[in-house]
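Scroll down for the structure; my scribbles are underneath it.
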Amino acid sequence: MQSLRRSVRFLKSIGSSRCPTAANSLSTRDFFTAINGSSAAKTHVSSLSVMRMASNEGFPSLSLLNQPCCPGLLKMGAVVPPFPSRGMTTEGHRVEAPSHSSGAPAEPPARIKFKRLDKTAKHIMQIIDKEATEEVNGQREIPNIKPGYIIQLKVEVPENKRRVSILKGIVIARRNAGLNTTFRLRRLVAGVGVESLFPLYSPNIKEIKVLDKKKVRRAKLYYLRERMNPLKKK
Amino acid sequence: MCIQALKGKKGARLGETIVVSVKEALPNGKAKKGNVYRAVVVRAAMQRGRCDGSEVKFDDNACVLVDKQGQPIGTRVFGPVPHELRKKNHVKILTLAQHIA
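Top to bottom, those sequences are chains A and B. The first sequence begins at 1 in full-length UniProt numbering and counts up one residue at a time. The second sequence begins at 1 in full-length UniProt numbering and counts up one residue at a time.
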């Protein structure tokens, strides 16, 4: 490693003397790229060390400057004693950690998935949707329902009936669509399995209460149709 | 077994009347095997949308034998029945039902 530094300094001194015009634009990194171009065997190691050298910059761009400034330098680079190759493996491991830190800025820790809409109309619709859901959330308390929850609903059925139904069942699916977020409830009624689909923000749903949470490893529990079926012919 | 839907070419849905022929019957019941009756669909595996945006779907298909006037032939109805029957004016079936889904 030190031998490399020494060779770099040596080359830099030569380079600055030989090509003064290019010297202001080039940095130590660029000399390395020149060396890299010549010796393919040392590319892996040298690239990592380059990244370490260029810690002041945002991210190393080894793609720039493929051509060396001075052809005379190349020969020098080729003649560099093979000291770096001996320390190749250890060097590679050592420089790995700092190269990560000096690399591109880290990704944000919490990754929220959302789409960036290009068309204005869709964007407007998304805003309207969000506003509507927030409004309903402010009025009623709607818990977060995930598949696998056992839920008790108090629904008011509009077919000429007052608020009677208390439905109790397991949520087998949830479909997110803004205001039209729906969830499917499966329950056993009088010996027959019944599945109902409800919009989450429906004004007919008076109350939702989460009774139990089952551990499931799926988003849609359609396999329960076969398992929880009392009418299945064996 | 369903022979034909009474109203509509595309088939009957939940709450509609169909024409059926009896394939299996208990020995001493009101319906005899091989007769043709009318029936009302009370449970369908195809989901039926309600006016509030919800849907209901049963695990099996079932119907209740009725006579020409719409009164059920039998005296008991097993299993749940949906709310759609109320609109179709099958009040008797609803009152006999165990549970209204």
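Virtual Cβ for every residue (Gly too), placed ideally from N, Cα, C.
In this structure, residue 171 of chain A places its C-beta atom within 8 Å of the C-beta atom of residue 146 of chain A. Where residue 136 of chain A is concerned, there is no enclosing beta strand (DSSP E), although the alpha helix (DSSP H) around it starts and stops at 120-139.
Judged by their CB atoms, residue 65 of chain B and residue 37 of chain B are nearer to each other than the 8 Å cut-off. Excluding sequence positions up to five before and after residue 71 of chain B, its CB lies within less than 7 Å of the CB of 92, all in the same chain and listed in chain order. Under the 8 Å criterion on CB atoms, residue 216 of chain A is classed as non-interfacial with respect to chain B. Between residue 186 of chain A and the set A:111, A:226, A:156, A:157, the nearest pair of CA atoms involves A:226.
A residue is called buried when at least 16 other Cβ atoms come within 10 angstroms of its Cβ; residue 80 of chain B meets this threshold and is buried. Of all C-beta pairs linking the segment 195-205 of chain A to the segment 45-64 of chain B, three or more are shorter than 8 Å, placing the two stretches in contact. Shown here, residue 77 of chain B sits in coil according to DSSP, grouped into three states, outside any helix or strand. When secondary structure is reduced to three states using DSSP, residue 16 of chain B falls in the coil class, being assigned neither helix nor strand. Sixteen is the threshold: since fewer than 16 other Cβ atoms of the shown chains lie within 10 Å of the Cβ of residue 141 of chain A, the residue is exposed. The Cβ of residue 41 of chain B sits no closer than 8 Å to any Cβ of chain A. Taking 8 Å as the CB threshold, residue 48 of chain B stays off the interface with chain A. For residue 159 of chain A, the secondary structure class from DSSP, reduced to helix, strand or coil, is coil. When the Cα atoms are used, residue 99 of chain B and residue 189 of chain A turn out to be separated by approximately 7 Å.
Not flagged as an interface residue toward chain B: residue 226 of chain A, since no C-beta distance is shorter than 8 Å.
Assigned with DSSP and collapsed to three states, residue 218 of chain A falls in coil, not helix or strand. Of the candidates A:201, A:151, A:191, A:184, the residue whose Cα lies closest to the Cα of residue 210 of chain A is A:151. For residue 197 of chain A, the closest Cβ of chain B is nearer than 8 Å. For residue 42 of chain B, DSSP records no beta bridge to any residue.
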